[in-house]
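Q: Below is a structure I'd like to ask you about.
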Amino acid sequence: MIYAVTLPLLLLGGISLLISTEILKGEIDQSESRNVKYLAEKVEHYLREPVYDLKLIKNHLEELKDIESVFFKKTLNYILKSKKYISGIQIADSAGKIIVSVPSNKTIVGNDISGHNYFKETIRKNRTHWTPSFMSEELDTPVTSISIPMNKGIITIFLSLKDIKNIISDGQRSKEYRDIVVTDQNGVYIYHPDNTKVLLREYDPLFSLKSEEWKGLGHNKVVEVNNRKFLSYTVFINDIDWMISLYKPLEYIYKPIKYMAIFLIILTMIFTGISILFGNVLRISLTRSIRQLLEATEIIAGGHYEIFIPKIDFTELIKLSESIEKMAMDIREREGNLIQAKDKLSKHKDNLEMEVKKRTSELTESLNSLKLTQNKLIESEKMAYLGGLVAGVAHEINTPIGIIVSASSYLEEQVNKFLKDYKENKISHTIFNKFCNEALKSTKLLLTNSFRASNLIKSFKQVAVDQSSEHKRSFDIKDYLDEVLASNHSIFKSKEVNIEIDSPEKIVVDNYPGAFAQVITNFLNNSITHGFEHMDGGSIGIKVNDNNQYVQVIYTDNGKGMSKETLSRIFDPFFTTKRGKGGSGLGMHIVYNIVTQTLKGHIQCNSSIDKGVEFILDIPKKI
Amino acid sequence: MTKYFLICLLFISFISCDKKNNIKVIYVADLSSRNSQLGVSGRNGLLLGIEEINSNKGIDRKKIQLEFIDHKGSKEECYLKVKQKVDEGIDLIIGPLTSGMANAVIRASGKSTLIISPTVSTDLLSGIDDNFIRVIPAASIQGIYLSNIIKSKRNNTVVVIYDLNNSEYAHSVINGLKISNINNEVDYIYISFSDKTEFDSLVTKAVTYNPDGLLFITNGINAGGILQQYSKNSVLPSLYGVQWTKISDLLRYGGNNIEGMIVVDSYTPENVNSEKGGFIDRYKKKYKTEPSLASIYSYDAIMLYKAAALNQKKYNYEAIKKEILELKTIKGVTDNYRFDKYGDVVRKQSIFIIQNNKYENYEQ
Chain A
-3 MIYAVTLPLL LLGGISLLIS TEILKGEIDQ SESRNVKYLA EKVEHYLREP VYDLKLIKNH
57 LEELKDIESV FFKKTLNYIL KSKKYISGIQ IADSAGKIIV SVPSNKTIVG NDISGHNYFK
117 ETIRKNRTHW TPSFMSEELD TPVTSISIPM NKGIITIFLS LKDIKNIISD GQRSKEYRDI
177 VVTDQNGVYI YHPDNTKVLL REYDPLFSLK SEEWKGLGHN KVVEVNNRKF LSYTVFINDI
237 DWMISLYKPL EYIYKPIKYM AIFLIILTMI FTGISILFGN VLRISLTRSI RQLLEATEII
297 AGGHYEIFIP KIDFTELIKL SESIEKMAMD IREREGNLIQ AKDKLSKHKD NLEMEVKKRT
357 SELTESLNSL KLTQNKLIES EKMAYLGGLV AGVAHEINTP IGIIVSASSY LEEQVNKFLK
417 DYKENKISHT IFNKFCNEAL KSTKLLLTNS FRASNLIKSF KQVAVDQSSE HKRSFDIKDY
477 LDEVLASNHS IFKSKEVNIE IDSPEKIVVD NYPGAFAQVI TNFLNNSITH GFEHMDGGSI
537 GIKVNDNNQY VQVIYTDNGK GMSKETLSRI FDPFFTTKRG KGGSGLGMHI VYNIVTQTLK
597 GHIQCNSSID KGVEFILDIP KKI
Chain B
11 MTKYFLICLL FISFISCDKK NNIKVIYVAD LSSRNSQLGV SGRNGLLLGI EEINSNKGID
71 RKKIQLEFID HKGSKEECYL KVKQKVDEGI DLIIGPLTSG MANAVIRASG KSTLIISPTV
131 STDLLSGIDD NFIRVIPAAS IQGIYLSNII KSKRNNTVVV IYDLNNSEYA HSVINGLKIS
191 NINNEVDYIY ISFSDKTEFD SLVTKAVTYN PDGLLFITNG INAGGILQQY SKNSVLPSLY
251 GVQWTKISDL LRYGGNNIEG MIVVDSYTPE NVNSEKGGFI DRYKKKYKTE PSLASIYSYD
311 AIMLYKAAAL NQKKYNYEAI KKEILELKTI KGVTDNYRFD KYGDVVRKQS IFIIQNNKYE
371 NYEQ
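Protein chains in written order, with the numbering used here: chain A, -3 to 619; chain B, 11 to 374.
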């Protein structure tokens, strides 16, 4: 609130001050410029006036044509007496020898002034010449000489500069403080408020600056002398090159501005005080009215629509109170309507709840039925898998058993024949050797195939036990992979498949081996059934990496791969590309469930058409 | 509260220190009498030097505060004014410019303030270990130089006109003349004058000797004035002048009478130490005239003080003087110079001849 009032006032004050300063400075500029020009005119007049006397002397001499004439000398003496500012008149010939000197001085007459600048310059320029000032011992004041050329020499008047002081004092139009200085063409003071500087022939320290940069422009500039700042106005007198400068201390210029600033600050403070007072009265009245309106709204909020608002002073707030009263009436009417609508809504809600319960019950039943079906399907998938496994194993065992049977029969036949020959004493050395060789071959066949059968049974037993028992145990992943491959050997009989296992030794996992075997078996089945479909064979790689807490198993084949769409749905239940051809669509779904739920791991599948397939399993070493 | 008090205290001490740290210098010369030309031109040179020093952060951040003492040619006034300033406390006196005033200034200084004189060259102050230092060689050397030239020009009778107001200087030059004239090859006749002497009677006396030469040990204004009168009475003989004559407006007051005059000095515009050439240009620019030897040696004087004070960083006269004497080569405006153990300067002198109202180098 205070800022809102004071800031604009201060801003306004500042702007006014700036404008006033400029106006005031402008006025001072004009006034002082006029003043210094006026003084310069007076000084110039003083310096130029003797030129008329010089011309008079020159004309007179030209008329008389006799420099020694008594009348001419009388004229010179008359001029000297009548013109107080002239301290002497001198006429020199073209060689610089003084011919006439007034007042009369025999010592001077005949002197050679050819070395003096006023002689040299007047002759050289052939026009009026003012010399720089010099001290006159007789007058104890600065003097200048003014010379004009004539036919055979020069005429010189010595002009006392004592009166410059009076010219400056009389010519000042205002009594305000300022320094006026007059300097000659060398910058030496002719007039200075401190007369010592004149007597000591001191130089104006700003002379060089003024004479070079400001010449002829009548400049006003801020200058600094002895750490004090002045506004300086300078006027040059043409031809003579004297300068009249006025120095006005800046502090005198800014004094009225300072007073104005103080006045403005006081005015701002008074305005601010009054504004704060009025603002407070207004605030109290406004707060009271708003509080009354607030109370009324609180009553309305409490459900009481018959309200009374006391008299308020502000037109806008009166309108607001009328609006609040009308609003109370409207709310009461709408509240009635709302209660009716609420009743209707309540009835609808009851009906809706009944309907939802009924539908929910139906849906629950459907869901249970679906789950049951799913479990049955999973079970049948498992059974199918086990059946396949058993069939495969039976087929595998059948071959060594057949060989065992054939070898046993053959051995039996050979033994019987040998016994018969022995009883008939027909055993020769050759027959004995042949029998022994046959018996050894048969025994070897029996042993080899018995071991093979035994190993197959052992593997099958292990896999079968793992898959049926679902017990957690520690197993070496490499050895176990070998066993799983051995037990699934039958599924590769139709294809020429090269399988490579790349695994470090002794990676022991404490997990569910049966589940793991089921996963690998499913991969193998899928590679044969889908990957190598319409292919004579292929390659399968199983790479095992030890990743600290996890074992990573990367299963790859170089089969036909799958499309992006198939890949995106590969783990979906009941998704199959062999619908009606024996595929249930649960194989990979089961794999997914086994990996994530039983093995507590992760599975990822990468594949594209004709680029094979890659399954990445990450299985915790210990769960 | 204490903090603000301390800050105020520091500020006040800073201000007072600052004032105390100014180097107070007085310039002692005749600045307003008829013969003030020398003093004024010396002051102008000194002012330029001080301006240069102060605008370049002073001497070791101390600004030079200059005050003028105008003795108007009066020894008594000179003594009293200088004494008053010495009692008030000053660091340096530059001046006086004439040998006649040297004793007054030395007495007033109480031998406790350093005096550097630009142009006092009297032999009476040579060989003394005191507080007086000058940047101009002893005047007797000028006498020796001039005497040799006089002998070479075979001038047998030479009238020596000298100013009693500067008798110390005059006697030093005369001493030089005598040293060089042991065999009495030249007959020197000495005529002195004072403020009360009429030039007419002086000239009449000189003319009676019908001299082959006139030698002036005066300022240029008086030499010019005497010659003006002499030329009215007789044909001018060979003319000779000392440094003082040359540097005090001889050309202006002598007119055509001084053509062929031979003078001793150290400076012409062509004879400038290139490293200090800027001074001449600045002088001409500021004062619209050529600097005289007084201007140049006054400038040299303050620059000498600066060089010594910068090295020494002490401002009592013993320390500064010691440092000045230890400076091996000092770069002056006209030439490089040095001091002997008594504080007497050793620098070269040149001979000039006036031709067409100008100084030209004189070759024997």
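C-beta atoms are modelled at their ideal positions from N, C-alpha and C, and glycine is treated no differently.
List, in chain order, every chain B residue whose beta-carbon is nearer than 9 Å to that of Met131 of chain A.
A: Ser42, Ser43, Arg44 and Ser46
Q: Along the region 256 to 271 of chain B, what residues have a CB closer than 7 Å to any CB found in chain A?
A: Residues of the region 256 to 271 of chain B that bring their beta carbon within less than 7 Å of a beta carbon in chain A comprise Leu261, Arg262, Tyr263, Gly264, Gly265, Asn266 and Asn267, in sequence order.
Q: Taking 8 Å as the threshold (beta carbon to beta carbon), is Val355 of chain B in contact with chain A?
A: no
Q: Suppose the cutoff is 7 Å on Cβ atoms and the five residues either side in sequence are ignored; what does the same chain contact list for Gly288 of chain B look like?
A: none
Q: Here's the rule: buried if 16 or more other CB atoms are within 10 angstroms of the residue's CB, otherwise exposed. What is Val352 of chain A?
A: exposed
Q: Tell me the DSSP secondary structure of Tyr74 of chain A in three-state form.
A: For Tyr74 of chain A, the three-state secondary structure derived from DSSP is helix.
Q: I'd like to know whether the C-beta of Asp80 of chain B is nearer than 8 Å to at least one C-beta of chain A.
A: yes
Q: When you compare each of A:Glu329, A:Val96 and A:Gly92 to Arg120 of chain A by their alpha carbons, which one comes out closest?
A: Checked all of A:Glu329, A:Val96 and A:Gly92; the closest Cα to Arg120 of chain A is A:Gly92.
Q: Grab the span of the alpha helix (DSSP H) containing Ile79 of chain B for me, first residue to last.
A: Looking at the DSSP string, Ile79 of chain B is not in any alpha helix (DSSP H); the run it does join, the beta strand (DSSP E), is Ile74 to Asp80.
Q: Of all the CB atoms in chain B, is at least one closer than 8 Å to the CB of Asn73 of chain A?
A: no
Q: So that I know if they touch, is there some Cβ in chain B lying closer than 8 Å to that of Asn223 of chain A?
A: no
Q: Over what stretch of residues does the alpha helix (DSSP H) that includes Lys256 of chain B continue unbroken?
A: Segment Gln253 to Lys256, the alpha helix (DSSP H) holding Lys256 of chain B.
Q: What are the uninterrupted segments assigned as alpha helix (DSSP H) that are 4 or more residues long and contained completely in the region 530 to 615 of chain A, given in chain order?
A: Segments of the alpha helix (DSSP H) lying fully in the region 530 to 615 of chain A: 560 to 564 and 583 to 589.
Q: Hey, Ala233 of chain B and Leu107 of chain B: beta-carbon distance below 8 Å or not?
A: no
Q: May I ask you to report which of helix, strand or coil DSSP gives Phe349 of chain B?
A: Looking at Phe349 of chain B - three-state DSSP - the assignment turns out to be strand.
Q: Return the first residue and the last residue of the alpha helix (DSSP H) that Phe115 of chain A is part of.
A: Asn113 to Lys121
Q: Along the region 226 to 250 of chain A, what residues have a CB closer than 8 Å to any CB found in chain B?
A: none
Q: Taking Ile647 of chain A as the reference, which of A:Lys440, A:Thr369 and A:Asp417 has the closest Cα?
A: In this structure chain A extends from -3 to 619, so residue 647 of chain A is not present and cannot be described.
Q: At the level of alpha carbons, what is the spacing between Asn357 of chain B and Gly265 of chain B?
A: Here residue 357 of chain B turns out to be Arg, not Asn, going by the sequence shown. The straight-line gap from Cα to Cα measures roughly 31 Å.
Q: So which residues on chain A does Tyr172 of chain B lean against when the C-beta distance must stay under 9 Å?
A: What Tyr172 of chain B touches in chain A: nothing, since even the nearest Cβ is about 21 Å away.
Q: Thinking His46 of chain A and Ile82 of chain A are a contact (beta carbons under 8 Å), I'd like their distance in whole angstroms, please.
A: Checking the sequence shown, residue 46 of chain A turns out to be Pro, not His. With a Cβ gap of about 6 Å, Pro46 of chain A and Ile82 of chain A count as contacting.
Q: From A:Ile599, A:Asp475, A:Asp25 and A:Asp568, pick the residue whose C-alpha is nearest to that of Ser228 of chain A; which is it?
A: A:Asp25
Q: Between Ile361 of chain B and Asp180 of chain A, what straight-line distance do the alpha-carbon atoms span, to the nearest angstrom?
A: Distance between the alpha carbons of Ile361 of chain B and Asp180 of chain A is about 34 Å.
Q: What does the alpha-carbon distance come out to for the pair Ser122 of chain B and Arg348 of chain B?
A: Taken atom to atom, the span from the alpha-carbon of Ser122 of chain B to that of Arg348 of chain B is near 23 Å.
Q: Return helix, strand or coil for Leu213 of chain A, following the three-state DSSP convention.
A: Residue placement at Leu213 of chain A is flagged as unreliable, the pLDDT there being 46, under the threshold of 50; a coordinate-derived value is accordingly withheld.
Q: Give the single residue among B:Val355, B:Asn371, B:Ser308 and B:Tyr372 whose Cα lies nearest to the Cα of Asn147 of chain B.
A: One detail in the question is off: residue 147 of chain B reads as Pro in this sequence, not Asn. With distances taken between Cα atoms, Pro147 of chain B lies closest to B:Val355.
Q: Can you list, in chain order, the residues of its chain with a C-beta nearer than 8 Å to that of Pro201 of chain A? Leave out the 5 residues immediately preceding and following it.
A: Val221
Q: Please report the straight-line C-alpha distance between Lys298 of chain B and Ser141 of chain A, rounded to a whole angstrom.
A: 18 Å
Q: Excluding the 5 residues flanking Ser559 of chain A on each side, which residues of the same chain have their C-beta closer than 7 Å to its C-beta?
A: Ile605.
Q: Only counting runs of 3 or more residues, tell me where the beta strand (DSSP E) segments fall wholly within the region 213 to 240 of chain A, in order along the chain.
A: 216 to 221 and 224 to 233
Q: Determine the contact status of Val183 of chain B and Tyr219 of chain B, defining contact as a CB-CB distance below 8 Å.
A: no
Q: CA-CA distance, Lys491 of chain A and His485 of chain A?
A: Roughly 11 Å separates the two Cα atoms.
Q: For Tyr476 of chain A, is the classification buried or exposed, using 16 other Cβ atoms within 10 angstroms of its Cβ as the cut-off for buried?
A: buried
Q: At what residues does the alpha helix (DSSP H) containing Asn220 of chain B begin and finish?
A: Counting along the chain, Asn220 of chain B falls outside any alpha helix (DSSP H), and DSSP gives it neither H nor E.
Q: To which residues does DSSP link Ile199 of chain B through a beta bridge?
A: B:Val169
Q: Just how far apart, CA to CA, sit Lys51 of chain A and Ile144 of chain A?
A: Between Lys51 of chain A and Ile144 of chain A, the C-alpha separation is close to 8 Å.
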